[in-house]
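Engineer: Here the sequence shown stands for residues 1 to 107, numbered as in my numbering.
Ideal Cβ placement from N, Cα and C applies to all residues, glycine included.
Predicted model only: the values in this text are computed from it and were never measured.
What follows is a single structure, and I will ask about it in a moment.
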Amino acid sequence: MGDPDLLFKALADGSRRKLLDVLYANDGQTLGELCEHLDMTRQAVTQHLGALETAQLVVIQWRGREKLHFLNPVPLQEIYERWIAKFEQPRLKALAQLRRKLEGPRS
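Printed below as a string of structure tokens:
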């Protein structure tokens, strides 16, 4: 797992989350294409992409002279597995027990 502090710091900014949403909707975009979705300067978008790359949420692929940006969901999955999934199981078990109780005995 990468550095969780870098990941959470990257996710703390709304503009970075918007960039991730844009990449989720249409992966593999150039800087110019990403700038079309945000009301900020090209330099600001570049800085936000740098933070996302440092957190390993965005990876770069060169296609000729074009630099394409792709969403990397692996760090998010690692966060999910480490901190979220373990809280889901007891809740789902409780819902299943409640359902059985409300439905009553089966004949």
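With a 10 Å radius around its C-beta and 16 neighbouring C-beta atoms as the bar for buried, classify valine 74 as buried or exposed.
Structural biologist: Residue mapping note: residue 74 aligns to position 74 of the sequence shown, counting from 1. So valine 74 counts as exposed.
Engineer: Assuming the contact rule is C-beta atoms closer than 8 Å, threonine 30 and leucine 68 should be a hit. Round their C-beta distance to whole Å, please.
Structural biologist: For this step, residue 30 is matched to residue 30 along the sequence shown. For this step, residue 68 is matched to residue 68 along the sequence shown. Yes, threonine 30 and leucine 68 are in contact; Cβ-Cβ is about 6 Å, under 8 Å.
Engineer: If I follow the unbroken alpha helix (DSSP H) through histidine 48, where does it start and stop?
Structural biologist: Within the sequence shown, the letter at position 48 stands for residue 48. Element bounds for histidine 48: 42-54.
Engineer: Less than 8 Å between the beta carbons of phenylalanine 87 and glycine 28, yes or no?
Structural biologist: As a first step, residue 87 must be located in the sequence shown, where it is residue number 87. As a first step, residue 28 must be located in the sequence shown, where it is residue number 28. No, they are not a contact pair.
Engineer: Thinking C-alpha only, which one of Pro105, Ile84 and Ala10 is nearest glutamine 171?
Structural biologist: The structure shown does not extend to residue 171, since the chain spans only 1 to 107, so no value can be given for it.
Engineer: Excluding the 5 residues flanking glutamate 66 on each side, which residues of the same chain have their C-beta closer than 8 Å to its C-beta?
Structural biologist: Stepping through the sequence shown from its first residue, residue 66 is reached at position 66. Excluding positions up to five away in sequence, the list reads Thr30.
Engineer: Any heavy atom of the ligand MG within a distance shorter than 7 Å of the CB on glycine 104?
Structural biologist: For the ligand MG, the structure offers nothing, since it holds no ligand at all.
Engineer: Output the boundary residues of the beta strand (DSSP E) element that contains isoleucine 60.
Structural biologist: Position 60 of the sequence shown, counting from 1, holds the residue named residue 60. Unbroken beta strand (DSSP E) run through isoleucine 60: 58-63.
Engineer: Do the CB positions of leucine 52 and arginine 16 come within less than 8 Å of each other?
Structural biologist: Taking the sequence shown and counting its residues from 1, one reaches residue 52 at position 52. Taking the sequence shown and counting its residues from 1, one reaches residue 16 at position 16. Yes, Cβ-Cβ distance for leucine 52 and arginine 16 is below 8 Å.
Engineer: Does the beta-carbon of leucine 98 have 16 or more other beta-carbons within 10 angstroms, so that it is buried, or is it exposed?
Structural biologist: Counting from one through the sequence shown, the residue named residue 98 turns up at place 98. Counting Cβ neighbours within 10 Å, leucine 98 comes out exposed, since fewer than 16 surround it.
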